[in-house]
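The block underneath contains the structure these notes are about, expressed in structure tokens.
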Amino acid sequence: MATTTPPGVRGGHARTRDSGAPMTHREIMEALSGLLLGMFVAILSSTIVSNALPEIISDLGGGQSAYTWVVTASLLAMTATTPLWGKLSDLFSKKLLVQIALIIYVLGSAAAGLSQNAGMLIACRVVQGIGVGGLSALAQIVMAAMISPRERGRYSGYLGATFAVATVGGPLLGGVITDTDWLGWRWCFYVGVPFAVIALIVLQKTLKLPVVKRQVKVDWAGAFFISAAVSLLLVWVTFAGDKYDWLSWQTYTMVAGSIVLGALFLLVESRASEPIIPLRLFRNRTITLASLASLFVGVAMFAGTVFFSQYFQLARDESPTMSGVMTIPMIGGLFVSSTVSGWVITKTGRWKAWLVSGGVLVTAGLGLLGTMRYDTEYWHLAVFMAVLGLGLGMMMQNLVLCTQNQVAPADLGAASSVVTFFRSLGGAIGVSALGAVMANRVTHYVQDGLTELGPRGAALGHGGTAGGGIPDLDELPAPIRTVVESAYGHGVADVFLYATPFALVAFLVTLFIKEVALKSHAAPEPAGQPGSAPVAASPDAAAGPAAGPATGPAGVETTAPPPPVVDGTPVHGTVRTADGTPVARAAVTLISLAGRQLGRSVAQADGRYTLDAPGAGSYVLIASADGYQPQASTVVVGGEPMAYDILLSGTSGLVGAVRAADDQAPVAGAMVIVTDVRGDVLATGKSAEDGGFAFAELVPGSVTVAVNADGYRPLALPVEIGGQGVTRIEALLRSGARLQGTVRAGADHRPLADARVTLLDAAGNVVATATTGEDGAYGFADLDSGEYTVIATGYPPVAGALTVAGRGVDGHDIELAHPGE
952 MATTTPPGVR GGHARTRDSG APMTHREIME ALSGLLLGMF VAILSSTIVS NALPEIISDL
1012 GGGQSAYTWV VTASLLAMTA TTPLWGKLSD LFSKKLLVQI ALIIYVLGSA AAGLSQNAGM
1072 LIACRVVQGI GVGGLSALAQ IVMAAMISPR ERGRYSGYLG ATFAVATVGG PLLGGVITDT
1132 DWLGWRWCFY VGVPFAVIAL IVLQKTLKLP VVKRQVKVDW AGAFFISAAV SLLLVWVTFA
1192 GDKYDWLSWQ TYTMVAGSIV LGALFLLVES RASEPIIPLR LFRNRTITLA SLASLFVGVA
1252 MFAGTVFFSQ YFQLARDESP TMSGVMTIPM IGGLFVSSTV SGWVITKTGR WKAWLVSGGV
1312 LVTAGLGLLG TMRYDTEYWH LAVFMAVLGL GLGMMMQNLV LCTQNQVAPA DLGAASSVVT
1372 FFRSLGGAIG VSALGAVMAN RVTHYVQDGL TELGPRGAAL GHGGTAGGGI PDLDELPAPI
1432 RTVVESAYGH GVADVFLYAT PFALVAFLVT LFIKEVALKS HAAPEPAGQP GSAPVAASPD
1492 AAAGPAAGPA TGPAGVETTA PPPPVVDGTP VHGTVRTADG TPVARAAVTL ISLAGRQLGR
1552 SVAQADGRYT LDAPGAGSYV LIASADGYQP QASTVVVGGE PMAYDILLSG TSGLVGAVRA
1612 ADDQAPVAGA MVIVTDVRGD VLATGKSAED GGFAFAELVP GSVTVAVNAD GYRPLALPVE
1672 IGGQGVTRIE ALLRSGARLQ GTVRAGADHR PLADARVTLL DAAGNVVATA TTGEDGAYGF
1732 ADLDSGEYTV IATGYPPVAG ALTVAGRGVD GHDIELAHPG E
């Protein structure tokens, strides 16, 4: 039985709007305009300060540690809150959450512009990071709610282009603002506010998504423990090797604390009804590997955007504005690769080659950048940066895309945010660790350079870099200035060199991700309670009007007219399973919205089908095949041939036999019940004379088979239904006897109410207890064969031994005597 899915056709048609009509490309772009503007604001806030940071830290006070933490604080807040935003999007209105994230960002930005010291700025960046985390996670989630995975490649290209423009525009804008005397660096934080306000207004008017109302429970404990674990880990990475040794009691304490907090997080998530990160997602190999690759890609991505500004300003003495201009090759490469890969993925549905190629380019780009020095020719740097940008553009969005293609609609937000979370975590760890490494290496190179200058250089000691301080190059004499520039050029190069192995690991991980062709329909929004089963159409409905006679309004049997023979717009595609296997001989029927059959086709051996639509308009496309769940989809046909792939889920059978455990005799008439993981009953039936039972049309997955028969103890078995074919099981029932009787008292042997009857096994363990009613009766069921002791109290206790053997009912009346009798 199939769920009617929204359209996901080529040309941009995607999920339905609130009214139920499909969204056109124009409507999608209108809805995405506010979203992309919000995303632009989020990225702008991260990049606009990069070229202004040397001057900001010099003005507010602080060294390399403060420099790093202005970036890390935002990344940390973004990392810790991304899974929470993703989970909230599965529970609340996505549109409302995007607007809340924008408001949080505006408040944080306004406060950051008023900062009076580095500590206040870092605190405000935390607030900014919370908002940016929401915008980063929700942008992918909202796109997934509107657009099919196949089409999403195209629109992900737009997202990548927005990322590129904001990434290159941010440093340029930040540099211009910083270099403008009547503005100053504080306007780097104010400038994003009007963009955010405009995005709020546009989103309110254009973004229309169905709101799912259901009972929710937010996993605040999980959010706390993951935030605490990540925060403690980053604090350790930042200060280790500077304020204390790598091997010290502080290191042991912080690392152990992070491990304990992480373990508590896993414990909380395993028991939470609505976990912030559903651990079951990681049973999916693609999600696990994509998350791991994102972790290492994050190191490379944020290293490239953070440390280039220090290189160009402190190693090459460029202005903040020119620092932004010089990074254009990297951003240009990212822009080109993300846009082109998005379009090609939409055309082909294939994405793995882009991931693998991106891994190679990122690794090569970082390795090449690791060879640069302060006097390296710029055109060499431009080539190296372009290679890095091309690789990043191929990897970032596509790691999210391949994950979204693997999950159920109810987990879309959580799965998307998991990948974004690991990317942000990698960036936060990378910036903290590599920032600490750079501060150490720069100080080392400065000391070596000053030593080479002789007594004059040695007298200067550290050249202004001690304690992680950032020197003012204009105040240094020429020989010393050259030493400091050389130290920063070599130190930043070391940062890229140390980041190269992480990129190599990301590349190796992508090799093991199994490619599944992108789906051509958007995931339907779940309705009702979380995890509720979809509303299904009957097989008869799936057959369409061609199934035969139909019943009219008055109950009169009518016959559907034969399909008209028309020359119209071809609709073609492939019928396949989730793993890309073609489904041969699948019946594909095209009907009008009024229910009239317009065309029919049978899929070939390679799963391909072709039929004609009468013309432009909305239609229902129904596909069915033996052994698969029928699928019904709404498609919107334009004036040109349309490609539409259909995904069928296989159904499986369950057969077995019920037998007695002691003699293997078949048990007839046993009730067999199949339930899913939520406890919903999928099928019921009774065993035949030979003990056999069979169920067809079961959805693959984990189920519980419960068996109950008279005279036997009930049995429950966990069973994994395979993707196709028949799963066979055997249920062995243990004999279960019943013991019952009446407790009597007095000379007249009257039934005794409220008597307490206790049953002990041969070892003296209490098996069961019962209290008699007005009729003095008691009973125990599901007993194994063996020796028992029955004790009755109410009058002076009476104990008696008995033997229960075989199936059936054993009677055992008990006489209690009053003490006075």
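For the sequence shown, position 769 matches number 1720 in my numbering, and the numbering has no gaps at all. We treat Cβ as the ideally placed atom computed from N, Cα and C, and that holds for glycine. Predicted, not measured: the structure shown is a model, and the values here were computed from it.
Own chain, CB closer than 6 Å to MET1389, minus 5 neighbours either side, in chain order: The sequence position of residue 1389 within the sequence shown is 438, counting from 1. Answer for MET1389: GLY1442 and VAL1446, listed in chain order.
Given 8 Å, three or more beta-carbon pairs between the segment 1690-1698 and the segment 1644-1651: no
SER1060 versus LEU1086 - alpha carbon distance: Reading the sequence shown from its first residue, position 109 is the one you call residue 1060. Reading the sequence shown from its first residue, position 135 is the one you call residue 1086. So the alpha carbons of these two residues sit roughly 14 Å apart.
Limits of the alpha helix (DSSP H) - the one that MET1277 falls within: Locating residue 1277 in the sequence shown gives position 326, where the first residue counts as 1. Start and end: 1271-1277.
N-terminal and C-terminal residue of the beta strand (DSSP E) that ALA1611 is part of: Working through the sequence shown from its first residue, we reach residue 1611 at position 660. Annotation for ALA1611: the continuous beta strand (DSSP E) segment containing it runs 1603-1611.
Sheet register partners of GLU1766 (DSSP bridge): Your numbering for residue 1766 matches position 815 in the sequence shown. Looking at the DSSP assignment, GLU1766 forms a beta bridge with ARG1695.
Cβ-heavy atom distance, ARG1610 to the ligand MG, below 8 Å: The ligand MG is absent from the structure shown, which contains no ligands of any kind.
Short Cβ contact (9 Å threshold) for THR1033 with SER1375: If you number the sequence shown from 1, residue 1033 lands on position 82. If you number the sequence shown from 1, residue 1375 lands on position 424. A contact, by the Cβ cut-off of 9 Å.
4-residue-minimum alpha helix (DSSP H) runs that sit fully inside the segment 1320-1403, ordered along the chain: 1329-1355 and 1363-1403
Length at least 4, wholly inside the segment 1658-1718: the alpha helix (DSSP H) runs in chain order: none
Among MET1094, GLY1080, TYR1203 and LEU1734, the one whose alpha carbon lies nearest that of SER1178: Within the sequence shown, residue 1178 is the residue found at index 227, counting from 1. Nearest C-alpha to SER1178: GLY1080.
Own chain residues within Cβ distance below 6 Å of SER1288, not counting five before or after: As a working mapping, residue 1288 is identified with position 337 in the sequence shown. Cβ within range, chain order: LEU1341, GLY1344 and MET1345.
Per-residue DSSP class, three states only, for LYS1465: Taking the sequence shown and counting its residues from 1, the one referred to as residue 1465 is at position 514. Reduced to three states, the DSSP call for LYS1465 is coil.
Cβ-based burial, PHE1373 [other Cβ within 10 Å; buried from 16]: By one-based count along the sequence shown, residue 1373 stands at place 422. The residue is buried, with at least 16 neighbouring Cβ atoms inside 10 Å.
Cβ neighbours of ALA1223 in the same chain (closer than 7 Å, five flanking residues each side left out): Within the sequence shown, numbered from 1, the residue matching residue 1223 stands at position 272. Cβ-Cβ distances below 7 Å link ALA1223 to ASP1170 and GLY1173 in the same chain, with the five nearest sequence neighbours on each side left out; the list follows chain order.
Reduced DSSP category for PHE1259 - H, G, I as helix; E, B as strand; rest coil: Locating residue 1259 in the sequence shown gives position 308, counting from the first residue. Helix, per DSSP.
Expected contact under 8 Å - CB spacing of ARG1679 and GLY1607 to nearest Å: Numbered from its first residue, the sequence shown carries residue 1679 at position 728. Numbered from its first residue, the sequence shown carries residue 1607 at position 656. Confirmed, about 6 Å.
Validate contact between the segment 1185-1200 and the segment 1129-1136 using beta carbons, cut 8 Å, 3 pairs: no
Closest Cα partner of ASP1326 within the set GLN1357, GLU1269 and VAL1382: Position 375 of the sequence shown holds residue 1326. Taking the Cα of ASP1326 as reference, the smallest distance to any Cα among GLN1357, GLU1269 and VAL1382 is reached at GLU1269.
For ALA1492, the three-state DSSP class (helix, strand or coil): As a first step, residue 1492 is located in the sequence shown; it is residue number 541 there, counting from the start. With a pLDDT of only 33 at ALA1492, under 50, the local geometry of the prediction cannot be trusted, and the value read off the model is given with reservation. Note: ALA1492 maps to helix in three-state DSSP.
Reduced DSSP category for GLY1620 - H, G, I as helix; E, B as strand; rest coil: Within the sequence shown, numbered from 1, the residue matching residue 1620 stands at position 669. If DSSP states are grouped into helix, strand and coil, GLY1620 belongs with coil.
Residue environment, ASN1068, which counts as buried when at least 16 other CB atoms sit within 10 Å: Along the sequence shown, read from residue 1 onward, the residue named residue 1068 stands at position 117. Counting Cβ neighbours within 10 Å, ASN1068 comes out exposed, since fewer than 16 surround it.
Residues that ARG1551 bridges to, as DSSP identifies them: In the sequence shown, the residue the question calls residue 1551 occupies position 600. According to the DSSP secondary-structure assignment, ARG1551 is paired through a beta bridge with THR1540.
Residue environment, TRP1187, which counts as buried when at least 16 other CB atoms sit within 10 Å: Numbered from its first residue, the sequence shown carries residue 1187 at position 236. Buried.
Residue range of the beta strand (DSSP E) that includes SER1569: Position 618 of the sequence shown, counting from 1, holds the residue named residue 1569. First-last of the beta strand (DSSP E) with SER1569: 1568-1575.
Member of HIS1763, VAL1127, VAL1248 and PHE1140 whose CA lies at the smallest distance from the CA of VAL1078: As a working note, residue 1078 is residue 127 in the sequence shown. If we check each option's Cα against that of VAL1078, PHE1140 comes out closest.
Closest Cα partner of ALA1455 within the set GLY1316, PRO1271, GLY1386 and ASP1733: Position 504 of the sequence shown holds residue 1455. Note that residue 1455 corresponds to Leu in the displayed sequence, not to Ala. That would be GLY1316, whose Cα lies nearest to the Cα of LEU1455.
Residue(s) in a DSSP beta bridge with LEU1753: Here residue 1753 corresponds to residue number 802 of the sequence shown, with the count starting at 1. TYR1739, per the DSSP bridge assignment.
Buried or exposed by the 16-neighbour rule on C-beta atoms within 10 Å, applied to ARG1392: As a first step, residue 1392 must be located in the sequence shown, where it is residue number 441. The residue is buried, with at least 16 neighbouring Cβ atoms inside 10 Å.
Cβ-based burial, LYS1045 [other Cβ within 10 Å; buried from 16]: As a first step, residue 1045 must be located in the sequence shown, where it is residue number 94. Buried, since its Cβ has 16 or more Cβ neighbours within 10 Å.
Candidates VAL1588, TYR1579, VAL1553 and MET1205, of which the one nearest TYR1570 by Cα: Taking the first residue of the sequence shown as 1, we reach residue 1570 at position 619. Minimum Cα distance to TYR1570 is reached at VAL1588.
Given MET1593 as reference, the closest of SER1575, GLU1671, LYS1298 and TYR1195 once Cα atoms are compared: The residue labelled residue 1593 in the question sits at position 642 within the sequence shown. Cα-wise, what sits closest to MET1593 is LYS1298.
Environment of GLY1590 [buried if 16+ CB atoms lie within 10 Å]: Within the sequence shown, the letter at position 639 stands for residue 1590. Exposed: under 16 other Cβ atoms inside 10 Å.
Buried or exposed by the 16-neighbour rule on C-beta atoms within 10 Å, applied to GLU1738: The residue given as residue 1738 occupies position 787 in the sequence shown. So GLU1738 ends up on the exposed side.
Status (buried if at least 16 other CB within 10 Å, exposed otherwise) for SER1221: Within the sequence shown, the letter at position 270 stands for residue 1221. With fewer than 16 Cβ atoms within 10 Å of its Cβ, SER1221 is classed as exposed.
The segment 1702-1709 in contact with the segment 1741-1752 per 3-pair CB rule at 8 Å: yes
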